[in-house]
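Peer 1: Below is the structure I would like to discuss, written out as structure tokens.
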Amino acid sequence: MSRVMEISTPLGEDVLLFRSMSANEELGRLFEFHIEVLCERDDINPDDLLGQNVTVKLELPHGGQRCFDGYVTRFGYSGYLGRYHRFQLTARPWLWLLTRTSDCRIFQNKTVPEILAQVFDKYPAAAFESRLTGSYSPKDYCVQYRETDFNFVSRLMEQEGIYYFFEHQDGKHTLVLADGPSAHVPFPGYDSIPFVPHDRGGRLEQEYVAGWFYSREIQPGAYVIDDFDFIKPSTDLRVSTRRQREHAQATGEYYDYPGEYRNAADGEHYVKIRLEELQARHELVEGAGNARGLAVGALFCLTGHPRVQAAREHLVVRSTLELEYNEYEAQASTGASFRCSFAVLDSRETFRPMRVTPKPTVQGPQTAIVVGPSADEIHTDEFGRVKLQFHWDRRGESNENSSCWVRVSHPWAGKNFGMIAIPRIGQEVIVDFLEGDPDCPMITGRVYNKEHMPPWTLTEHKTRTGIVTRSTKGGSTSNANELRFEDKKGEEEVYVHAERQLRTEVEVDELRDVGRDRTTNIHGHDKLTVDKERHEHVKGDQRKLTVDKLSDRTIKGGEVEDISKGLKTTIHGGHQHTVTDGGQIIKVTGDVQEDIIGGFLQTASNGIDFTTPMNFMATATAGITLNTPAVATVIGGTGVVINTPKLDIIGGAKITAVTPDESNIKGNEFAVVGIKGEMVGVAMSTTGVNIEQKQLEMAATTCKVEVVNVDVESETLKSITAALHVSNPATQIVMGSLALAKVGIKIIG
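Quick note: the sequence shown, position 87, residue 102 per the working numbering, numbers continuous.
Right under this line is the structure:
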């Protein structure tokens, strides 16, 4: 260096001459250099310097130099000094350029250091180095919302306890990210700086610290933070920490909510940082001197101070430098000077930046579009959350990666009960933010837009209220379930439409009251199961049931049917009535009339009994046949009367007539035809008897035949005793004519 102080600019060597600089630096804050330069020209174009890098170089007493590098952010003309024109310029770090860019964007599943690097990488001038030693959990969802890049990264660093400082070189400065003492080293050649109690005018002959102002301040001794995690709602996330100081009134406690964490481990990390942030201001040392190596972020040891506590390693956390160089005009020459005021922290303490950068607040609700995978219509998780594409997110691709899972508010939400309607992809929803935090969106409503119109035409159907769903996947406007209320006066209606199945479950009772008519159309089957009794009461004139085809009814128990008036049944086809496991009783208090156009057949396996206290009459125009392969018995209490013009009694083998009293057979003609006839105790009286037989045998112990005229015709008459046997003396056969014409006829009285 040809001078103690000089400046390098893009305009070339010595076009601008360094005259003075006021430099302000602080840990975790932007530096600002106010520089005055001289120039023999007055036509310097500010555009040739704005945004360009400049470096002020300060020569060190023991060799080497200290650089102050930055980008020109302001340049202006301020007058003249002798033959020189004076210009003022402001130089700031490349990080300051982030104040000139604002954005809205979303970061997901990234740690704060990763987010910082992603933001910094947008800037060609960015030069940074990480000396972070802490562990940082990924943030599921982190939003930069309507704020500058600088505001965004600053508040993230402050929240995490990360700070920064700058290391300068000729033509370059590097941002150093730090979170603890290990990030700091002494400025080369300034491991220790002596304390000189008296000010020697700030000349450059000797470097020292002349002022040392020590103080302590009451700070909170405890910090408590809390938060809530809906995934673990019963988990107590409250965490606390404290640091006991020896002075009085040292037990103050800070409590804050929300702490912006979701698990206790992160809470412990944040509560520790919050207390360190406050305790770093408990002890403050401010000093002054002319040591050119008093750089922010550098360590040094103070020597020669009378207080023992001062003889330790300190970290420079803030400084203000004043540099002047007046060697260009003889009449104004005062030489070069360097003055510094600073603040230091015990290097054993952990520095944390104060949280002074505001987090943007969303001033009210906004809308967003529900998004998800292109193949889906509903994209959700176990909590019913959905993904969103915010209108302000110009980087989002309207897919499942556009946002975090966003909770959805419902009218009613309880433990396995409540109401739920998951917003579907493409719907516009209303989004609010918990405490206005852009990192905490929550869907509170849904709205229609031109692409998603209401289900009913408005204002035509403005009196309708209800719900219309949509079948998925691929459902059209005609595929939906619907519950609709029509409130138009005189046309009130409740309409229910099930696109496929309608299930109704009532655990106790169901009561329906229909004021007028009810019509039910079932295009398929109808099945009704009643576990207990079923009662139907039709108060009108009739109950009409029409079955177009087969009607099948199965009753596993009994059935009682009580008809107060009449029952009329018309069957156009056949009628089959089957009783399988028991008997059948039909009780009629009046008359029974059956009109059968065809035949009538009754079959009974165990017999048929007809019982009546009155007469029993069977009438058949064509004839009556009683047929049994066994014995047919007719019993009359006082007698049996067969009234017919002609009576034929035909026995295939034998006919037997038995009576304990008198038996009478009367007729104009009586014929007995048989091979053998027996009469026991028979008294016969007849006007005429005609016996025709090829062979007639009659045998009896006593046989008396008295006739007026007997005509016996037989080829062989062996014995009348063998042909006629009368075994009952009291038996009389009285008739006009008796004919026996049957084989083996036995008449027993």
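Glycine included, C-beta positions come from ideal geometry on N, C-alpha and C. All values reported here derive from a predicted model rather than from experimental measurement.
Would you check whether the ligand COA has a heavy atom nearer than 6 Å to the C-beta of Leu565?
Peer 2: Summarising the ligand content, the structure contains no ligands, and the ligand COA is consequently not present.
Peer 1: Just confirm the distance between the C-beta atoms of Gly312 and Phe180, as a whole number of angstroms; I'd bet it's less than 8 Å.
Peer 2: Counting from 1 along the sequence shown, the entry for residue 312 is found at position 297. Counting from 1 along the sequence shown, the entry for residue 180 is found at position 165. About 3 Å; that satisfies the 8 Å criterion.
Peer 1: Evaluate the contact criterion for the segment 235-247 versus the segment 256-275: three or more CB pairs, one atom per stretch, below 8 Å.
Peer 2: In short, these stretches touch, since the Cβ pair count reaches three.
Peer 1: Distance check for Asp29 and Ser356, CA to CA, integer angstroms please.
Peer 2: One-based indexing of the sequence shown puts residue 356 at position 341. One-based indexing of the sequence shown puts residue 29 at position 14. Each residue's alpha carbon lies about 30 Å from the other.
Peer 1: Rounded to whole angstroms, what is the Cα-Cα separation between Leu53 and Phe33?
Peer 2: Residue 53 sits at position 38 when you count from the first residue of the sequence shown. Residue 33 sits at position 18 when you count from the first residue of the sequence shown. Cα to Cα, the separation comes out at about 7 Å.
Peer 1: If you run the structure through DSSP and keep just helix, strand and coil, what is His587?
Peer 2: To locate residue 587, count along the sequence shown from 1; it is residue 572. Coil, per DSSP.
Peer 1: Three or more beta-carbon pairs under 8 Å between the segment 154-171 and the segment 188-198, yes or no?
Peer 2: Cβ pair count under 8 Å is below three, so no.
Peer 1: Please name the residue, chosen from Val483, Thr653, Gly489, Glu506, that lies closest to Gln499 on a Cα-to-Cα basis.
Peer 2: Here residue 499 refers to the residue found at position 484 of the sequence shown. One detail in the question is off: residue 499 reads as Arg in this sequence, not Gln. Arg499 has its Cα closest to that of Val483, out of Val483, Thr653, Gly489, Glu506.
Peer 1: Applying the criterion that 16 or more other CB atoms from any shown protein chain within 10 Å of the CB defines a buried residue, is Phe615 buried or exposed?
Peer 2: One-based indexing of the sequence shown puts residue 615 at position 600. By the neighbour-count rule (16 or more Cβ atoms within 10 Å), Phe615 is not buried but exposed.
Peer 1: Would you mind working out which of Thr561, Gly399, Leu65 sits nearest Asn536, comparing C-alpha positions?
Peer 2: The residue labelled residue 536 in the question sits at position 521 within the sequence shown. Checking every option, the nearest Cα to that of Asn536 belongs to Thr561.
Peer 1: Suppose the cutoff is 6 Å on Cβ atoms and the five residues either side in sequence are ignored; what does the same chain contact list for Arg422 look like?
Peer 2: Here the question's residue 422 lines up with position 407 in the sequence shown. Contacts found: Arg400, Met457.
Peer 1: Using the Cα positions of Ile437 and Asp396, report the straight-line distance between them to the nearest angstrom.
Peer 2: As a working mapping, residue 437 is identified with position 422 in the sequence shown. As a working mapping, residue 396 is identified with position 381 in the sequence shown. About 10 Å.
Peer 1: Would DSSP call Ser93 helix, strand or coil?
Peer 2: Counting from one through the sequence shown, the residue named residue 93 turns up at place 78. Correct three-state label for Ser93: strand.
Peer 1: Taking its Cβ as the centre, do 16 or more other Cβ atoms sit within 10 Å of Gly304, making it buried, or is it exposed?
Peer 2: The sequence position of residue 304 within the sequence shown is 289, counting from 1. With 16 or more Cβ atoms within 10 Å of its Cβ, Gly304 is classed as buried.
Peer 1: Compare the beta carbon distance of Val306 and Ile208 with 7 Å and say whether it is the shorter of the two.
Peer 2: Locating residue 306 in the sequence shown gives position 291, where the first residue counts as 1. Locating residue 208 in the sequence shown gives position 193, where the first residue counts as 1. The identity of residue 306 in the sequence shown is Ala, whereas the question assumes Val. Yes. Within cutoff.
Peer 1: If you follow the alpha helix (DSSP H) that Leu543 is part of, which residue opens it and which one closes it?
Peer 2: Your numbering for residue 543 matches position 528 in the sequence shown. That residue, Leu543, is in no alpha helix (DSSP H); it is neither H nor E in DSSP.
Peer 1: If I follow the unbroken beta strand (DSSP E) through Met36, where does it start and stop?
Peer 2: Here the question's residue 36 lines up with position 21 in the sequence shown. Unbroken beta strand (DSSP E) run through Met36: 32-41.
Peer 1: Going straight from the alpha carbon of Glu298 to that of Glu232, what length do you get?
Peer 2: Counted from its first residue, the sequence shown places residue 298 at position 283. Counted from its first residue, the sequence shown places residue 232 at position 217. For Glu298 and Glu232, the distance between alpha carbons rounds to 6 Å.
Peer 1: Would Lys488 be called buried (16 or more neighbouring beta carbons within 10 Å of its own) or exposed?
Peer 2: The sequence position of residue 488 within the sequence shown is 473, counting from 1. Exposed, by the Cβ-count rule.
Peer 1: Please tell me whether Glu363 and Ile393 are closer than 7 Å, where the distance is taken between their beta carbons.
Peer 2: The sequence position of residue 363 within the sequence shown is 348, counting from 1. The sequence position of residue 393 within the sequence shown is 378, counting from 1. It should be noted that the sequence gives Arg, not Glu, for residue 363. Cβ atoms of Arg363 and Ile393: not closer than 7 Å.
Peer 1: For His467, name the three-state secondary structure that DSSP assigns.
Peer 2: One-based indexing of the sequence shown puts residue 467 at position 452. If DSSP states are grouped into helix, strand and coil, His467 belongs with the strands.
Peer 1: Indicate whether the contact test is met: 3 or more Cβ pairs, each with one atom in the segment 252-265 and one in the segment 315-329, closer than 8 Å.
Peer 2: Too few Cβ pairs lie closer than 8 Å, so no.
Peer 1: Reducing DSSP to helix, strand and coil, say where Gln67 ends up.
Peer 2: Your numbering for residue 67 matches position 52 in the sequence shown. Note: Gln67 maps to coil in three-state DSSP.
Peer 1: Is there contact between the segment 36-53 and the segment 278-286, where contact requires at least three CB pairs shorter than 8 Å?
Peer 2: Verdict: no, contact absent.
Peer 1: On the DSSP letters alone, give me the boundaries of the beta strand (DSSP E) that Ile445 sits inside.
Peer 2: Taking the first residue of the sequence shown as position 1, residue 445 is located at position 430. Looking at the DSSP string, the run of the beta strand (DSSP E) that includes Ile445 is 443-448.
Peer 1: Closest to Asn416 by CA distance: which of Gln123, Asp206, Ser93 is it?
Peer 2: Reading the sequence shown from its first residue, position 401 is the one you call residue 416. Closest option to Asn416, Cα to Cα, is Gln123.
Peer 1: Can you give the Cα-Cα distance for Tyr272 and Leu26, rounded to whole angstroms?
Peer 2: For the purposes of this step, residue 272 is identified with residue 257 of the sequence shown, where counting begins at 1. For the purposes of this step, residue 26 is identified with residue 11 of the sequence shown, where counting begins at 1. Roughly 54 Å between the two C-alpha positions.
Peer 1: Give me the DSSP bridge partner(s) of Ser566.
Peer 2: Here residue 566 corresponds to residue number 551 of the sequence shown, with the count starting at 1. Answer by DSSP bridge pairing: none, since Ser566 is not bridged.
Peer 1: Have a look at the DSSP bridge pairing and note the partners of Val172.
Peer 2: The count along the sequence shown starts at 1 and reaches residue 172 at position 157. Reading off the sequence, residue 172 comes out as Met, not Val. Note: Met172 sits in no beta bridge, so no partner.
Peer 1: Could you check what DSSP says for Tyr14 in three-state terms: helix, strand or coil?
Peer 2: Because the chain here runs from 16 to 764, residue 14 falls outside it and cannot be looked at.
Peer 1: Run through the DSSP bridge pairs and tell me what Asn341 is partnered with.
Peer 2: One-based indexing of the sequence shown puts residue 341 at position 326. Looking at the DSSP assignment, Asn341 forms a beta bridge with Gly350.
Peer 1: Reducing DSSP to helix, strand and coil, say where Arg409 ends up.
Peer 2: What you label residue 409 is simply residue 394 of the sequence shown in a count that begins at 1. In the structure shown, Arg409 sits in coil (DSSP, three-state: anything other than H, G, I, E or B).
Peer 1: For Leu336, which three-state DSSP category applies?
Peer 2: Walking along the sequence shown from the start, residue 336 turns up at place 321. Looking at Leu336 - three-state DSSP - the assignment turns out to be strand.
Peer 1: Give a yes or no on contact between the segment 74-93 and the segment 117-132, applying the rule of three or more CB pairs nearer than 8 Å.
Peer 2: Counting Cβ pairs under 8 Å, fewer than three are found: no touch.
Peer 1: How is the alpha helix (DSSP H) around Gly282 delimited, first residue to last?
Peer 2: Reading the sequence shown from its first residue, position 267 is the one you call residue 282. Start and end: 279-294.
Peer 1: Can you list, in chain order, the residues of its chain with a C-beta nearer than 8 Å to that of Glu55? Leave out the 5 residues immediately preceding and following it.
Peer 2: Reading the sequence shown from its first residue, position 40 is the one you call residue 55. So the list reads Arg98, Tyr99, His100, once near-sequence residues are dropped.
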